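Below is one structure, written out as structure tokens; the observations come after it.
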Amino acid sequence: PGSSPGAARGAHGRGAPAGAGSWRSRLYRWDMKASPYAFVSPFFVLFAAFTLVPLLYTAWYSLHHVQLSALDHQSWAGLDNYKNLWSSDFFWNALRNTLTIGVISTVPQLLAALGLAHLLNYRLRGSTAWRVVMLTPYATSVAAATLVFTLLYSWDGGMVNWILHFFGADPVNWRESDWGSRCAVSSIVIWRWTGYNALIYLAAMQAIPTDLYESAAIDGANRWQQFRHVTIPQLRPTILFTVVVSTIGATQLFGEPLLFGGVSGSKGGSEHQYQTLGLYMYDQGWIIGNLGKASAIAWSMFLILLVVAAVNLLLTRRLRKSP
Numbered sequence: 041p042g043s044s045p046g047a048a049r050g051a052h053g054r055g056a057p058a059g060a061g062s063w064r065s066r067l068y069r070w071d072m073k074a075s076p077y078a079f080v081s082p083f084f085v086l087f088a089a090f091t092l093v094p095l096l097y098t099a100w101y102s103l104h105h106v107q108l109s110a111l112d113h114q115s116w117a118g119l120d121n122y123k124n125l126w127s128s129d130f131f132w133n134a135l136r137n138t139l140t141i142g143v144i145s146t147v148p149q150l151l152a153a154l155g156l157a158h159l160l161n162y163r164l165r166g167s168t169a170w171r172v173v174m175l176t177p178y179a180t181s182v183a184a185a186t187l188v189f190t191l192l193y194s195w196d197g198g199m200v201n202w203i204l205h206f207f208g209a210d211p212v213n214w215r216e217s218d219w220g221s222r223c224a225v226s227s228i229v230i231w232r233w234t235g236y237n238a239l240i241y242l243a244a245m246q247a248i249p250t251d252l253y254e255s256a257a258i259d260g261a262n263r264w265q266q267f268r269h270v271t272i273p274q275l276r277p278t279i280l281f282t283v284v285v286s287t288i289g290a291t292q293l294f295g296e297p298l299l300f301g302g303v304s305g306s307k308g309g310s311e312h313q314y315q316t317l318g319l320y321m322y323d324q325g326w327i328i329g330n331l332g333k334a335s336a337i338a339w340s341m342f343l344i345l346l347v348v349a350a351v352n353l354l355l356t357r358r359l360r361k362s363p
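The sequence shown begins at 41 in the working numbering and counts up by one.
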């Protein structure tokens with residue numbers, strides 16, 4: 041019986057599927073394990089190529105004396121670039137301007153965005169059109185927005201000074217004044233980002249359960265009380281997110297003050313009155329050509345962002361633990 045053709049075919053039929061099935065099962069298990077890494081690998085490859093490698097290369101430059109005109113000639117500097125940077129009045133002036141403009145632009149911007157989102161959260165005619173209008177400043181290029189605001193803040197013929205003159209106030213030289221120039225640059229940031237943050241708040245508000253508002257209304261709470269005791273507590277994670285993102289954006293502020301200053305844009309004004317860290321880095325690296333010092337400025341900005349991220353993580357954990 042074992043030598044009969046039927047028995048041979050049976051033995052062969054039983055053996056082949058078992059081997060094929062074992063190979064397919066191993067291939068399937070390997071595919072299940074490797075596929076997730078294959079899907080996410082393009083991101084990490086691009087991240088390493090365009091973020092990690094430049095970051096490490098900048099760190100290497102910050103420890104050397106490097107000139108833009110002679111990149112091949114590098115000499116070891118150690119921490120000299122950082123020491124010279126932290127003893128420089130220009131660096132601390134740029135850091136102070138960055139923090140000042142950041143506060144002036146972030147606080148009114150987020151308050152206005154919160155108010156606009158609260159208004160749009162109720163039923164309004166043409167709500168879609170209003171949302172498109174709010175996103176228009178965000179979609180406008182930095183160059184176009186800064187050009188318009190430069191004309192508005194012009195010393196002679198600017199609309200802002202015309203309004204001040206109409207109310208009997210003296211005109212302000214917005215480019216040369218310390219606080220005037222910072223407020224002017226901050227107004228550009230406020231105009232561009234308020235609508236974007238308002239839509240973020242609006243999306244978060246629409247995710248709040250309506251049962252909370254109904255319960256508050258039954259308890260006799262008016263709209264303002266509902267906003268204070270229901271909306272704001274539910275928006276705390278979103279508000280924290282926008283604060284962190286706005287802080288990061290303020291730390292990296294570059295285009296608005298550069299274009300607002302015109303010829304002296306990289307200097308942040310004739311007296312560096314609105315020179316931010318981004319402008320200071322650009323001035324040292326591309327105008328003066330000191331890439332070593334510019335790299336040290338870049339890494340100082342990176343360390344500041346790490347501190348902001350650490351504070352964000354700490355506050356997020358506390359918010360999760362709070363009732």
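Ideal Cβ placement from N, Cα and C applies to all residues, glycine included. No experiment lies behind these values; they were computed from the predicted model shown.
**Request:** Measure the CB-CB distance between Ala153 and Ala244 and report whether it falls below 7 Å.
**Result:** Sequence index remark: in the sequence shown, residue 153 carries index 113 (1-based). Sequence index remark: in the sequence shown, residue 244 carries index 204 (1-based). Cβ atoms of Ala153 and Ala244: not closer than 7 Å.
**Prompt:** If you count every other CB in all the chains shown that lies within 10 Å of the CB of Phe267, and 16 or more means buried, which is it?
**Reply:** Translated into positions along the sequence shown, residue 267 becomes position 227. Under this definition Phe267 is a buried residue.
**Prompt:** How many whole angstroms separate the CB atoms of Tyr122 and Ala334, which I take to be in contact at a CB cut-off of 8 Å?
**Reply:** Position 82 of the sequence shown, counting from 1, holds the residue named residue 122. Position 294 of the sequence shown, counting from 1, holds the residue named residue 334. No, Tyr122 and Ala334 are not in contact; Cβ-Cβ is about 12 Å, not under 8 Å.
**Asked** If we ignore side chains and look at the alpha-carbon of each, how far apart do Val285 and Leu150 end up?
**Response** For the purposes of this step, residue 285 is taken as the residue at position 245 of the sequence shown. For the purposes of this step, residue 150 is taken as the residue at position 110 of the sequence shown. Using only the alpha carbons, I get a separation of about 11 Å.
**Message:** Output needed for Gly309: all residues of its chain with C-beta closer than 8 Å, excluding positions within five of it in sequence on either side, in chain order.
**Reply:** Numbered from 1 along the sequence shown, position 269 holds the residue referred to as residue 309. Here the set comprises Arg215, Glu216, Ser221, Gly301 and Gln315.
**Request:** Using three-state DSSP, classify Arg360 as helix, strand or coil.
**Result:** Counted from its first residue, the sequence shown places residue 360 at position 320. Here Arg360 sits in helix by DSSP.
**Message:** Using a Cβ-Cβ cutoff of less than 8 Å, which residues in the same chain neighbour Leu252 once the five nearest sequence positions on both sides are dropped?
**Reply:** Walking along the sequence shown from the start, residue 252 turns up at place 212. Answer for Leu252: Val270 and Gln274, listed in chain order.
**Request:** State buried or exposed for His205, treating a residue as buried only when at least 16 other CB atoms are found within 10 Å of its CB.
**Result:** Counting from 1 along the sequence shown, the entry for residue 205 is found at position 165. The residue in question, His205, is exposed, as its Cβ has fewer than 16 Cβ neighbours within 10 Å.
**Request:** Would you identify the three-state DSSP class for His312, choosing helix, strand or coil?
**Result:** One-based indexing of the sequence shown puts residue 312 at position 272. Three-state result, His312: coil.
**Message:** Taking 7 Å as the threshold (C-beta atoms), are Met321 and Ala349 in contact?
**Reply:** Position 309 of the sequence shown, counting from 1, holds the residue named residue 349. Position 281 of the sequence shown, counting from 1, holds the residue named residue 321. Taking 7 Å as the Cβ cut-off, Ala349 and Met321 do not qualify as a contacting pair.
**Item:** Spatial distance of Leu92 from Gly198 (CA atoms)
**Value:** Residue numbering aside, residue 92 sits at position 52 when the sequence shown is read from its first letter. Residue numbering aside, residue 198 sits at position 158 when the sequence shown is read from its first letter. C-alpha separation (whole angstroms): 45 Å.
**Request:** Counting only the same chain and skipping the five closest in sequence on each side, list residues whose C-beta sits under 6 Å from that of Val212.
**Result:** Here residue 212 refers to the residue found at position 172 when the sequence shown is read from its first residue. Taken in chain order, the residues that qualify are Gly220.
**Item:** 7 Å Cβ shell around Ala157 - same chain, five flanking residues per side excluded
**Value:** Here residue 157 corresponds to residue number 117 of the sequence shown, with the count starting at 1. Hits under 7 Å: Ala238, Tyr241, Leu242 and Met245.
**Environment of Asn137 [buried if 16+ CB atoms lie within 10 Å]** = Position 97 of the sequence shown, counted from the first residue, corresponds to residue 137. Buried, since its Cβ has 16 or more Cβ neighbours within 10 Å.
**Item:** According to DSSP, residues forming a beta bridge with Asn330
**Value:** For the purposes of this step, residue 330 is taken as residue 290 along the sequence shown, with counting starting at 1. Beta-bridge pairing links Asn330 to Gln107.
**Asked** How is His52 classed by DSSP in three states: helix, strand or coil?
**Response** For the purposes of this step, residue 52 is taken as residue 12 along the sequence shown, with counting starting at 1. Because His52 sits at a pLDDT of 46, beneath the cut-off of 50, its placement in the model cannot be relied upon, and the point is left open.
**Asked** By a C-beta neighbour count over all protein chains shown, 10 Å radius and 16 as the cutoff for buried, is Asn330 buried or exposed?
**Response** Position 290 of the sequence shown, counting from 1, holds the residue named residue 330. When all chains shown are included, Asn330 counts as buried.
**Request:** Taking the CB atoms as reference points, tell me whether Arg276 and Leu359 lie closer together than 7 Å.
**Result:** In the sequence shown, the residue the question calls residue 276 occupies position 236. In the sequence shown, the residue the question calls residue 359 occupies position 319. Yes, these two residues count as a Cβ contact at 7 Å.
**Asked** alpha helix (DSSP H) containing Pro177: first to last residue?
**Response** As a first step, residue 177 must be located in the sequence shown, where it is residue number 137. Run containing Pro177: Ser167 to Ala179, per the alpha helix (DSSP H) assignment.
**Message:** Applying the 10 Å Cβ sphere with the 16-neighbour rule, what's the burial state of Met341?
**Reply:** As a first step, residue 341 is located in the sequence shown; it is residue number 301 there, counting from the start. It is buried - the Cβ of Met341 has at least 16 other Cβ atoms within 10 Å.
**Message:** For Ala247 and Ile272, I'd like the C-alpha separation in whole angstroms.
**Reply:** Stepping through the sequence shown from its first residue, residue 247 is reached at position 207. Stepping through the sequence shown from its first residue, residue 272 is reached at position 232. For Ala247 and Ile272, the distance between alpha carbons rounds to 13 Å.
**Message:** Going by C-alpha to C-alpha distance, which of Val229, Asn201 and Ile141 sits closest to Ser181?
**Reply:** Indexing the sequence shown from 1 puts residue 181 at position 141. Closest by alpha carbon: Val229.
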